[in-house]
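**Q** If you read the sequences in order, they're chains A and B.
To convert, count from 1 in the first sequence and add 6; that's our numbering.
To convert, count from 1 in the second sequence and add 106; that's our numbering.
No residue lacks a Cβ here, since even glycine has one placed at the ideal position from N, Cα and C.
Before I ask anything, here is the structure I am working with.
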Amino acid sequence: MAQTSPPHPQTQLQHNFVLSPITALEFYLAGPSSSYLLAGEDTWLKIYDVATSHLVNQLRVFRSQPIHGIHAWKSEDGTSTTEGAFLIWGGQSVMVLSPSLVKSLIQGTALPELPTEFQVPDWIYDGILFSSNGEVQGALVTAHNEIVTLTLSSNGNLFQLGPVVSPSRPILYSANLTFLGNGTILVAGGTVFGEIIVWKFHLDSSPPPQWEVLYVFTGHEGSVFGVTISPEIEVAPGSKIRLLGSCSDDRTIRIWDITDRQLAVTQNGGEIDSKTLGEARETGFGGNSEVKEENKNDSTRGVAVAMGHLSRIWHVKFGEYTPGLEGPINVYSFGEDTTRQRWELSLDLAGSQGPKGALKHCTTDSCHSGKNIWSAAVSNREGQASFIATGGADGKIVISGGNPTPGLDGGYEEFDLSLAFDDVLEQIQRNSETPSMDPLPKGNAKHAFQKYAFLSDSRVITTTSPGRIFAAGIQETPKWKEIQLPDEVVADLRSYNVMKSVAMDTVVLGSSAGNIYLLQHGKSIRLVGKLSGKIQDVLPLVGAGVQDWQAVITVLGDDRAYILSYNALTDEATIGGLTLSLPEHYIATAAAQVGSTIILGSRVGVVTLYPPSEDNTDTIPPGYSCRDPKTKDAITAIVPLPGSSSDFLTTCRDGKYRIYSLGKENCAFTLYHEISPPMGMIEGAWFTSTEKPELILHGFKGKQFIHYNDTTSTVLASIECGGAHRSFDVISPRTNPNAFRLIFTKSSHLRFYSQPSASLRTLKEGGHGREIRAVACSATFKYIATAAEDTIIRIWTYSPTRPGIKCLATLEKHSSGIQSLQWLGDDCLISSAGSEELFVWRITQIDSHYETLAVKCEAVWNFCTKDKDLRIMSFDTSNVSSGGVNHELAIALSNSTVHTYSYNPKSGEFEFGSEARYTGACPMQLRYMPNGEDIMVAYTDGRLAIWTRPLYEPPPQAEMKLANKAPLGMGLLVKLHQSSIKSLDAVSPRGGRWIIATGGDDNALIITELGLDDMGKYKVGGRYRVSSAHGAAVTGLRIVRNEEDLIEVVTVSNGQRIKLWRAEPGRDGRGMRISLQDNKYSGIADAGDVEVISSGKVMVGGVGLEVWDFNPLK
Amino acid sequence: MGKSSKDKRDAYYRLAKEQGWRARSAFKLLQLDEEFNLFENVTRVVDLCAAPGSWSQVLSRVLIKNEKFGRHAWEDREAKFRQSMLKVIPSESKPQENSQQHQETKYVEPRSRPDVKIVSIDLQPISPLPGVITLRADITHPATVPLLLKALDPSHDSETSTNQQAQQPVDLVISDGAPDVTGLHDLDIYVQSQLLFAALNLALCVLKPGGKFVAKIFRGRNVDLLYAQLKVFFEKVNVAKPRSSRASSVEAFIVCINFQPPEGFKASLEEPLGVGGRLSELQQQQQDPISQSEPSKAGDDGITEVILEDLSGSDNKNRWIAPFIACGDLSAFDSDASYKLAADHVSLPPVQPPTAPPYKRAIELRRQNGGAYGKPVVSK
Ligand SMILES: C[S@@+](CC[C@H](N)C(=O)[O-])C[C@H]1O[C@@H](n2cnc3c(N)ncnc32)[C@H](O)[C@@H]1O
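Written as structure tokens, this is what we have:
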């Protein structure tokens, strides 16, 4: 290392991108037609246009504090053109964005200087702005039930904080403020011990400040995590009530009456009753610490209680209601279980005890992945439907509600009908002009709906047990008519029939007598053929053609399937020109044509090819047939991939969909992709005909019917239908899957559901819903994989332009938290987790218009112990010794052992090599040394060991294999950290030297030099420590620069700092100099890993993820 | 997860049951004591956030029953054997020296300590323990100060006395308080720091000069601000991680030695520390700013301590990182490792059932209703 080289410029870290929990949301209704959603993501304020989902602007508000709340205020008396002001807080920080700043933010013009960040003496739970005496003022409520007032300067900037006022100082878990007018603020606080304190604060009183405790509510049995004060609700002309909503650790939601019925406001507040506070007494759970005598009866003001959610409830909010209380009041709750639930509160105002009521549970929407909805907002503007927005720990924002936006919906109506057979009959009789058939008698309990089919977006048809066919045209609501059928057809279709929609305005029917009918809209039904037995099914041949369509017809007990072909030109349908010979006991359940190959799927999961016959015979024998070994459930659909003549997708009742590719000459196919979307049984799939096709699936999940966009991972509709195994049909416009209709039978009624747009819309995409534990980048920086406590692996690409990162695939197979990830090249990924799981994934890019990554699990490590309860903490691979054919794999298990295997990617098999057993301490990090044999392992006891081949000679006759099985020997053991080594990176030898950087639970960064002695044994050159490198454990570390005379290391820590270090030889060529090049706040709590994702960029993963640039200081 | 599966995954959980401790936390206190001799010359102790009471058990057994607990209580024999086999210990430190040091540090206590006083406080009730006064109270509540003073000194009268300083101060205040974490990291860290300040406020009222204070801390964002604030009151502040505390947890313990209240300082419940500006005022008054380069304990292990050049220009005002000390020696069971259980292993029931969570009723109701909350309701 030369001393004379020119000095390197300092290296600097620069924030580039963050995806982290959404911790604050607020609607800003700027004008009658412009609504914005304000979101807090880490230190950033992000402004979205509600109508278009576009990110309008973003602003970094605080230096090192996530935003926890936003209050958008707009002068009530002002005209709609004046902008409002935003009050933003987080932790102890607070900032006001003045109207002029808000204006430039919304318009995207150059921003004036950022206002000052003020510090409040305590944690802030809520804040408001209001105008009082013509001046804009503000107030904050803190975690100790204190009010801090804010004074604004004339240009709307925060100017000064007022004194702190409180009637008593319990620790709160939630608080809410409302301005009552007349210089009065209403405060509600929820305590750790389940109490709720409601008090009033009088602003304008001359010092000392005046306050008054109104109520102390007891009833919750756990910490109160959310309180919300309703607006004044008009229940009758001139009569108003005000409610308080609360939610708690005890899983209940409670509504309280806080209507102020005292006419005169008593101005009696004043001093803290120091005697009561100073008395020696027991407090805590059950102690009702704050309840004084006069508040003993407050809890009779409880209006309603309901229990909901699977875990803790974080927020409760009031939604829309009809003034005069003609309908219920909507209440929303948001929980740790990532659901948003809607409740209807109905009130009875007649009683003498004040209003009493009931909360009725209406809907549960699961909006986010992982755990926790951290923020929620409900817009409340009279005469308009509320918007409801949620922000998750996953960084996603989901929105719903509002009045439908014209143009965005798919032209479908909104209805949900449930009709008895007689209801439909009655409509038919009302609507019919000149019936030529006998009207069906009403009141026959045996009459039932049988099959359903959509003829088009606006026309649906159903067969019935009496053999009659009803059709409905949909204008606003369905209008039922009966289709005129000859008597013999009615008799033929009676009690049994099959019906499928095969093309626009066209269905095919089959009867038990073997007759096949064609029914086209506007035409009479016609018989197109007769087969030898009961028609089992009609399977549209997907991909065969739109005008000239085909269908496969199966007959009970027949070993052949028949092809029905329609010629649009001649308007002729013919059967039997071509037949498919079926394998034994084969029941076909799906059919498609890919290129010129027909593919069938069976009831037990077999996929069978029928390549075009060469000798022009009429009967094609089955070609290659294959069943996924893990399934025996029916294939429900086969769909060719758009723009591909060889790839196709199958859906299966086992809840998975798979993508296969036909091999050369169409004589076989291989699996590329296997995924379980969040539904139990997939019943069908299609691709949108948009510029970028999206994959839409439908199926059942428990009692729900799910309509799902797999490309965006969004549930488009979830309808309670009673469970699988029922007749149904669905339709969506091909370009807009958000519009959706479903018709099905439920308890002998016909249910007909229609939605113009999805109930939930993703405003901003998210990521993992739990802490990321590993980040790994593929060999050429093509893909980034992240893995988290939520057991999910995500594969991303990064682009320097917005939106920064894009998720290409989510891999769900692990059953416990993932510990470690590593790529082999760009197309193979290995992951390890608790429960002794280690999977090898194969990643392929599919050649189709449908942009997706195909992913399948290629191999599963299966040397598990009986209980499968060890964690695979870390692993590494090497292909040095096998000459690149097999991979050597070394894994570190939580029982203090390291195992080596040889992995054969062709067969997907592992062969055990040898074992190394340490003292009992848990291994944390593992790396192969560059020779591909020796293994470096770091342990919880702070030591680093190098395990080598045992040094004994194998007996002359023994095979190499046997020698292999001997336990590994310890080549080196060196103490580095005081306790657990949490992060490690190493760079390759230079002149027989290695440099190892480690980060410990002991806050230290240690650089170790390693070399070989004359005997070829490992030897420590030097150990250099920065003791208090971070304020907390150093949980992620990466060597980002490795040059002749220096290395640079990026470290991250639980202390939420990202640091860049430089290590270079000491001034006199001895020892080592370490300098801290940069030190920045990182928004990622509980950081788990840091990885280089392209030149000059690192990604940090933890609670969310961040991208940082590192560059020479200019 | 089966019962013995937890025994396997968590050696201290198993040991606690075998040795009769109410919680595995007992080992954290024992291991802290091994490193810092916490109980040396100690007769009066306050144990805050003490339920279910394993720390109080330790106090009761050590101070009253005069029992001694050493590393044999948590030693993994096999680890010890493997360590000597793998030469983990001899390669670095001389074992003789080690044991000698060990003996030296084992001070000799009189057979029975006179006038032992142990007061334990928690929100949750603590089952009685010999010689321990247990109180149910919220340590963040102002009323807890007089309650504690009265328990320490029955003649204390909160009605008449405006003094919030204990007449007969204590030697040691320990606090293992932790909130139910929400998962919102900065909120959890804040709530934890409030518990720490509440414990410190109580300690400032009852601790005698020279006394010790030990409390749980979350090592997360801005923990260095907290360290610096504690340093205002104590000569030595270390952050310690016992081997029985999981490496994967943010938990650690702040060990503050030699209580030296700043000149003229009076603990006050009207002006508690932790909120408001009182602490930072005290920090400003402090004579010498604390320097980061305090020699660390591990300085003699052959690793070169680097003199760091800080070019980052970051503002470290009011920040200080307390030296880290791992405790519980190397042969201690590893709380992160999985252990093999003997073939005839019988999983013992816990010494005390855990306290009922507030959502207990919700779980019961769910069970009654067969899994869901009431009948499912049709959406829309
Ligand atoms: C980890 S446990 C303590 C275990 C205890 N050291 C032992 O060894 O058994 C934490 C305790 O803190 C208590 N705690 C939390 N907040 C408290 C508060 N504000 N006042 C008193 N105790 C509190 C909880 O009730 C809980 O029992």
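State yes or no: is the C-beta of Thr265/A nearer than 7 Å to some heavy atom of ligand 1?
**A** By one-based count along the first sequence, residue 265/A stands at place 259. No, the beta carbon of Thr265/A sits no closer than 7 Å to any heavy atom of ligand 1.
**Q** To the nearest angstrom, how far is it from the Cα of Thr282/A to the Cα of Thr250/B?
**A** As a working note, residue 282/A is residue 276 in the first sequence. As a working note, residue 250/B is residue 144 in the second sequence. Residue placement at Thr282/A is poorly supported in this model, since its pLDDT is 37, which falls under 50; the coordinates are not used for a value here.
**Q** Can you confirm whether the segment 770-778 of chain A touches the segment 728-745 of chain A when touching is taken to mean that 3 or more C-beta pairs between the two stretches lie within less than 8 Å?
**A** No, the segment 728-745 of chain A is not in contact with the segment 770-778 of chain A.
**Q** According to DSSP, is Ala992/A helix, strand or coil?
**A** One-based indexing of the first sequence puts residue 992/A at position 986. Of the three classes helix, strand and coil, the one that applies to Ala992/A here is strand, per DSSP.
**Q** Taking the alpha-carbon positions, what's the Arg248/A to Leu220/A distance?
**A** Walking along the first sequence from the start, residue 248/A turns up at place 242. Walking along the first sequence from the start, residue 220/A turns up at place 214. Arg248/A and Leu220/A: Cα-Cα distance of roughly 13 Å.
**Q** Which class does Met976/A belong to by DSSP, given the choice of helix, strand or coil?
**A** As a working note, residue 976/A is residue 970 in the first sequence. If DSSP states are grouped into helix, strand and coil, Met976/A belongs with the strands.
**Q** Cutting at 7 Å between CB atoms, please list the residues of its own chain near Tyr856/A, excluding the five before and the five after it.
**A** Along the first sequence, one-based indexing puts residue 856/A at 850. Excluding sequence neighbours, Tyr856/A sits near Leu647, Pro648, Phe693, Pro699 and Leu701.
**Q** I need the DSSP call for Asn521/A, collapsed to helix, strand or coil.
**A** One-based indexing of the first sequence puts residue 521/A at position 515. The answer is strand: DSSP assigns Asn521/A an E or B state.
**Q** Just the C-alpha distance for Pro248/B and Pro378/B, rounded to the nearest angstrom, thanks.
**A** In the second sequence, counting from the first residue as 1, residue 248/B sits at position 142. In the second sequence, counting from the first residue as 1, residue 378/B sits at position 272. Cα to Cα, Pro248/B sits roughly 9 Å from Pro378/B.
**Q** Can you check whether the C-beta of Gly408/B is within less than 8 Å of a C-beta belonging to chain A?
**A** Along the second sequence, read from residue 1 onward, the residue named residue 408/B stands at position 302. Taking Cβ atoms only, chain A reaches closer than 8 Å to Gly408/B, which makes this a yes.
**Q** Between Gly308/A and Thr224/A, what straight-line distance do the alpha-carbon atoms span, to the nearest angstrom?
**A** Position 302 of the first sequence, counting from 1, holds the residue named residue 308/A. Position 218 of the first sequence, counting from 1, holds the residue named residue 224/A. Between Gly308/A and Thr224/A, the C-alpha separation is close to 9 Å.
**Q** To the nearest angstrom, how far is the alpha carbon of Arg287/A from that of Phe371/B?
**A** Translated into the one-based positions of the first sequence, residue 287/A becomes position 281. Translated into the one-based positions of the second sequence, residue 371/B becomes position 265. Summary for Arg287/A: the model assigns pLDDT 48, below 50, so the residue's position carries little reliability; its value from the coordinates is reported in the next sentence. Arg287/A and Phe371/B: Cα-Cα distance of roughly 26 Å.
**Q** Indicate whether Asn1060/A and Ala1093/A have their beta-carbon atoms separated by less than 8 Å.
**A** As a first step, residue 1060/A must be located in the first sequence, where it is residue number 1054. As a first step, residue 1093/A must be located in the first sequence, where it is residue number 1087. In this structure, Ala1093/A lies closer than 8 Å to Asn1060/A by Cβ.
**Q** Which residues bound the alpha helix (DSSP H) around Tyr333/B?
**A** For this step, residue 333/B is matched to residue 227 along the second sequence. From DSSP, the alpha helix (DSSP H) with Tyr333/B extends over Val329 to Leu336.
**Q** Taking the C-alpha atoms as reference points, what is the distance between Ile1053/A and Val980/A?
**A** Locating residue 1053/A in the first sequence gives position 1047, where the first residue counts as 1. Locating residue 980/A in the first sequence gives position 974, where the first residue counts as 1. Between Ile1053/A and Val980/A, the C-alpha separation is close to 22 Å.
**Q** Cβ closer than 7 Å: which chain A residues qualify as neighbours of Thr246/B?
**A** What you label residue 246/B is simply residue 140 of the second sequence in a count that begins at 1. Ordered by position in chain A, the residues that pass the 7 Å Cβ test against Thr246/B are Ile177.
**Q** Identify every run of the alpha helix (DSSP H) within the segment 412-478 of chain A, keeping only runs that are complete inside it and at least 4 residues long; order them along the chain.
**A** Here the runs fully enclosed are 427-437.
**Q** Just checking Gly363/A against ligand 1 - is the residue's beta carbon closer than 7 Å to any of the ligand's heavy atoms?
**A** Stepping through the first sequence from its first residue, residue 363/A is reached at position 357. Checking the Cβ of Gly363/A against ligand 1 gives no.
**Q** Mind checking who Ala597/A pairs with in its DSSP beta bridge?
**A** In the first sequence, the residue the question calls residue 597/A occupies position 591. DSSP, once it has assigned bridges, lists Leu606/A as partnering Ala597/A.
**Q** So, is Ala764/A buried or exposed, given that buried needs 16 or more other C-beta atoms within 10 angstroms?
**A** For this step, residue 764/A is matched to residue 758 along the first sequence. So Ala764/A counts as buried.
**Q** Please work out which residues of its chain come closer than 6 Å, Cβ to Cβ, to Glu89/A, disregarding the five sequence neighbours upstream and downstream, and give them in chain order.
**A** On the first sequence, residue 89/A is found 83 positions in, with the first residue counted as 1. Hits under 6 Å: Pro105, Val108 and Lys109.
**Q** If you count every other CB in all the chains shown that lies within 10 Å of the CB of Phe187/B, and 16 or more means buried, which is it?
**A** Along the second sequence, read from residue 1 onward, the residue named residue 187/B stands at position 81. Phe187/B comes out exposed.
**Q** Under 7 Å: does the beta carbon of Ile323/B sit that close to some heavy atom of ligand 1?
**A** The sequence position of residue 323/B within the second sequence is 217, counting from 1. For ligand 1, not one heavy atom lies less than 7 Å from the Cβ of Ile323/B.
**Q** Between Gly317/B and chain A, is any beta-carbon pair separated by less than 8 Å?
**A** In the second sequence, counting from the first residue as 1, residue 317/B sits at position 211. Chain A, which has no Cβ nearer than 8 Å to the Cβ of Gly317/B, makes this no.
**Q** CB of Leu43/A to nearest heavy atom of ligand 1: below 7 Å?
**A** On the first sequence, residue 43/A is found 37 positions in, with the first residue counted as 1. Incorrect: Leu43/A has no Cβ contact closer than 7 Å to ligand 1.
**Q** What runs of the alpha helix (DSSP H), each 4 residues or longer, lie entirely inside the segment 918-950 of chain A?
**A** None, since the segment 918-950 of chain A contains no complete alpha helix (DSSP H) of that length.
**Q** Counting only C-beta atoms, is Ala1038/A closer than 8 Å to chain B at any point?
**A** Locating residue 1038/A in the first sequence gives position 1032, where the first residue counts as 1. Yes, contact with chain B.
**Q** Between Phe371/B and chain A, is the shortest Cβ-Cβ distance under 8 Å, so that the two count as touching?
**A** Here residue 371/B refers to the residue found at position 265 when the second sequence is read from its first residue. Not one chain A Cβ lies under 8 Å of Phe371/B.
**Q** Just the Cα atoms here: how many angstroms apart are Tyr34/A and Gln113/A?
**A** To locate residue 34/A, count along the first sequence from 1; it is residue 28. To locate residue 113/A, count along the first sequence from 1; it is residue 107. Taking the straight line from one Cα to the other gives about 14 Å.
**Q** Leaving out five residues before and five after Val496/A in sequence, what residues of the same chain have Cβ atoms less than 7 Å from its Cβ?
**A** Residue 496/A sits at position 490 when you count from the first residue of the first sequence. Once the five neighbours on either side are set aside, the close Cβ partners of Val496/A are Gly473 and Arg474.
**Q** What number of angstroms, rounded off, separates the C-alpha of Arg1063/A from the C-alpha of Gly1089/A?
**A** Locating residue 1063/A in the first sequence gives position 1057, counting from the first residue. Locating residue 1089/A in the first sequence gives position 1083, counting from the first residue. Cα-Cα distance, rounded: 8 Å.
**Q** Who are the neighbours of Tyr296/B on chain A, taking C-beta pairs under 8 Å?
**A** Here the question's residue 296/B lines up with position 190 in the second sequence. The contacting residues are Gly97, Trp129 and Ala149.
**Q** Run the CB neighbour count on Arg513/B, radius 10 Å, all protein chains shown included, and call it buried at 16 or more, exposed below.
**A** Because chain B in this structure spans residues 107 to 486, residue 513/B falls outside the shown range and cannot be described.
**Q** Assess, as a yes-or-no matter, whether the segment 373-393 of chain A is touched by the segment 16-26 of chain A under the definition of 3 or more beta carbon pairs within less than 8 Å.
**A** Judged by Cβ distances under 8 Å, the segment 16-26 of chain A makes no contact with the segment 373-393 of chain A, as fewer than three pairs qualify.
**Q** Taking only heavy atoms of ligand 1 into account, decide whether any of them is closer than 7 Å to the Cβ of Gly228/A.
**A** Position 222 of the first sequence holds residue 228/A. The answer is no for Gly228/A.
**Q** Checking contacts by CB at 8 Å: is Glu217/A closer than that to chain B?
**A** Indexing the first sequence from 1 puts residue 217/A at position 211. Position check: residue 217/A holds Trp in this sequence, whereas Glu was assumed. Chain B contact via Cβ: absent.
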